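Okay, structure first, notes after.
Residue numbers (the numbering used here): 362 to 422.
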């Protein structure tokens, strides 16, 4: 009979990948229709003229 309990695993050691959010095109850069300008969660950046908002709150030209 074993007199030692099995060692439990720790809850550390995992890390999720980044979501690649943020500005993709900055002021002064030329964009074509359909190009992504910013990836965001919620309305961190508000819409200007000539842009639309995707279903995941992405701003595109």
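C-beta atoms are modelled at their ideal positions from N, C-alpha and C, and glycine is treated no differently.
All figures in this text were calculated on a predicted structure; none of them were measured in a lab.
So residue 420 and residue 408 are supposed to be a Cβ contact under 8 Å. How far apart are they, rounded?
6 Å
What residues match up with residue 413 in a beta bridge as DSSP calls it?
421
How many angstroms separate the CA atom of residue 401 from the CA atom of residue 365?
50 Å
For residue 403, I'd like the list of residues in its chain whose CB is within less than 7 Å of its CB, leaving aside the five on either flank, ordered along the chain.
418
So residue 384 packs on residue 399, CB below 8 Å; how close in whole Å?
5 Å
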